[in-house]
Structures are given as structure tokens and as C-alpha cells.
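Numbering (full-length UniProt numbering), first residue to last: 1 to 238.
Backbone N, C-alpha and C define an ideal beta-carbon position, used for all residues, glycine too.
Data first, discussion second: the structure below is written as C-alpha cells.
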Ligand SMILES: N[C@@H](CCC(=O)N[C@@H](CS)C(=O)NCC(=O)O)C(=O)O
């Protein structure tokens with residue numbers, strides 16, 4: 001049976017990880033409607049918060065099989081897998097028969113399961129500690145270095161995270177080291193493997209088309225998003 005033409009709406013809180021989903025959809029050349037929300041002042045505005053118990057972005061609404069009662073899905077990783085397997089014929093994922101299947105799985109989950117929690121732990125430690133010599137800060141910094149070194153080694157030896165093929169693992173991971181640095185500065189000086197990969201990712205036409213649609217102001221900052229020192233801080237509209 002032919003795959004139905006998808007009728008999808010992506011809810012995206014600007015300057016946030018929701019950017020992964022338009023990027024994925026552009027890579028797959030799938031149609032979608034985009035609903036944009038501004039941060040209020042840092043978190044979701046009430047209309048977005050009310051849409052799902054977690055109140056966060058991204059959200060996917062799939063109207064394809066039942067236009068009057070759409071399926072609502074949260075969690076960017078779950079949304080990515082849903083789109084890839086339901087409408088993308090498995091493209092941008094590697095199948096179990098592929099020699100890099102395990103690498104694909106590992107790096108697909110790495111961003112939300114390791115990279116983001118590690119950087120966020122340092123952010124929290126720095127916020128609560130009286131000074132930067134606090135052992136909790138020191139430990140969290142060591143963990144950030146460890147995670148970045150691990151990624152950097154991978155990307156010094158491979159063009160993309162899963163190996164030689166661009167996959168959804170790259171789509172899942174980029175945000176944490178580009179846009180997220182507007183909230184939590186991470187110095188990437190010396191991590192040449194990561195810096196080269198960020199350049200390759202953001203040069204992709206699908207990334208640029210998605211960002212033009214979902215966060216055009218951020219796209220103008222592309223050079224600083226992928227620089228070692230990172231972009232300027234997010235400025236909330238009060
Ligand atoms: N694990 C979730 C995290 C979602 C999340 O925290 N999104 C942030 C955007 S970067 C958000 O909506 N924050 C606003 C809020 O929580 O009110 C995912 O990967 O989708």
C-alpha cells in the first residue's frame with residue numbers, strides 16, 4: 001500500500017530544540033505546517049504549554065489518518081523516529097543490516113541521553129555553587145570535557161556521527177552545540193572535529209531552509225553559532 005501523503009503540524013518554540021524537526025522534514029522532503037511560538041520570557045507561552053502535559057517543544061500533530069482527531073507526539077527523538085519510519089521509508093536511519101547500525105543507534109540517543117544532561121549538570125552546578133572551585137562544579141566540568149573529547153574523536157575520524165552517512169543522529173545532536181549555547185556557553189576551542197562537523201551540518205541546504213522558516217534570526221548568526229566561542233546570549237523579550 002502506498003504511504004499516505006503526510007498532513008503534519010510542527011509546534012516549535014523558537015530558539016530551541018524544536019528546530020530538529022523542521023530540519024529532519026526538509027532533509028526528507030516531506031511537507032509540513034509550522035506553528036511558531038516565542039519564549040515567554042524563557043519558557044513556553046500558555047498556548048503551547050497547554051497542548052501537552054510536558055508543556056514543551058517540539059510537538060508533532062499528525063492529521064494524516066484522522067483530520068478531526070490528530071495524533072499528538074512530544075519528545076524530539078520519538079518524533080524523529082516516528083516521521084522517519086512512518087513517512088520517510090526509513091531514510092536517515094540505518095537499518096539493522098547496516099555495518100554502522102550500532103553506531104547510528106548510539107549517536108542518535110547520545111544528544112538527549114548524554115550530551116545535554118552533561119552540559120546541563122554543569123550549568124546547574126555553576127548556578128548553585130558559591131564559587132567555581134566547588135567540587136560539584138569541577139566534577140561537572142570534567143564530565144563536559146569528557147563528553148566533548150569523545151564526540152571530537154568520533155568526528156575527527158568520521159564525516160558524520162554514524163560514520164560515512166549523514167543520519168538523524170546528526171540532526172538530533174547539532175542543536176546542543178549551536179543554538180543551546182545561547183543559554184549555556186560552551187567553549188569549543190581545540191575541538192576541531194566538532195567544529196568541522198558543525199560547519200558541514202549547517203552548510204546543508206535542508207538545515208538552512210528549515211532555519212529560514214523556523215528561526216530566521218538564528219540563521220543570520222550561523223557563523224557565530226558554529227564558532228569556537230559560540231553565539232551571543234539569548235535575550236528574552238520582557
Ligand atoms: N526531551 C525533550 C525536551 C523538550 C524541551 O525541554 N524543550 C524546550 C525547548 S529547548 C522547551 O520547550 N522549553 C520550554 C518549557 O519547558 O516551558 C525533547 O527532546 O523534545
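Please classify residue i: does DSSP put it in a helix, a strand, or coil?
i           : result
residue 161 : coil
residue 30  : coil
residue 215 : coil
residue 239 : Examination of residue 239 is not possible in this model, given that the chain is present from 1 through 238 alone.
residue 61  : strand
residue 149 : helix
residue 264 : Lying before the first or after the last residue shown, residue 264 is absent from the chain, which here runs from 1 to 238.
residue 10  : strand
residue 220 : helix
residue 233 : coil
residue 48  : helix
residue 105 : helix
residue 25  : helix
residue 94  : coil
residue 132 : coil
residue 36  : strand
residue 56  : coil
residue 19  : helix
Going by C-alpha to C-alpha distance, which of the options sits closest to residue i?
i           : options            : result
residue 247 : 61, 109, 231       : Residue 247 lies beyond the range of the chain shown here (1 to 238); nothing can be said about it.
residue 91  : 171, 209, 234      : 171
residue 150 : 135, 138, 191, 166 : 191
residue 202 : 154, 84, 160, 236  : 160
residue 34  : 113, 19, 40        : 19
residue 140 : 117, 156, 227, 155 : 117
residue 122 : 68, 199, 147       : 147
residue 103 : 182, 166, 31, 127  : 166
residue 98  : 163, 197, 126, 179 : 163
residue 240 : 9, 222, 177        : This structure gives no information on residue 240, because the portion of the chain shown stretches from 1 to 238.
residue 189 : 182, 177, 183      : 177
residue 221 : 181, 236, 134, 105 : 181
Given residue i, which residues of its chain have a CB within under 7 Å of its CB, disregarding the five upstream and five downstream residues?
i           : result
residue 168 : 24, 80, 84, 92, 93, 108
residue 207 : 23, 201
residue 101 : 94, 95
residue 13  : 37, 39, 44, 48, 57
residue 209 : 26
Mind checking if residue i is an interface residue toward chain D, Cβ cutoff 7 Å exclusive?
i          : result
residue 30 : Note that chain D does not occur in the displayed structure, where there is just one protein chain.
Note down, in chain order, each residue of its chain lying with its Cβ closer than 8 Å to the Cβ of residue i, except the 5 sequence neighbours on either side.
i           : result
residue 11  : 18, 35, 37, 48, 51, 57, 58, 59, 60, 61
residue 28  : 83, 84, 87, 88, 91, 92
residue 154 : 107, 161, 193
Quick check for students: name the residue ranges of the alpha helix (DSSP H) that lie wholly in the segment 164-204, counting only runs of 4 or more. 168-177, 192-203
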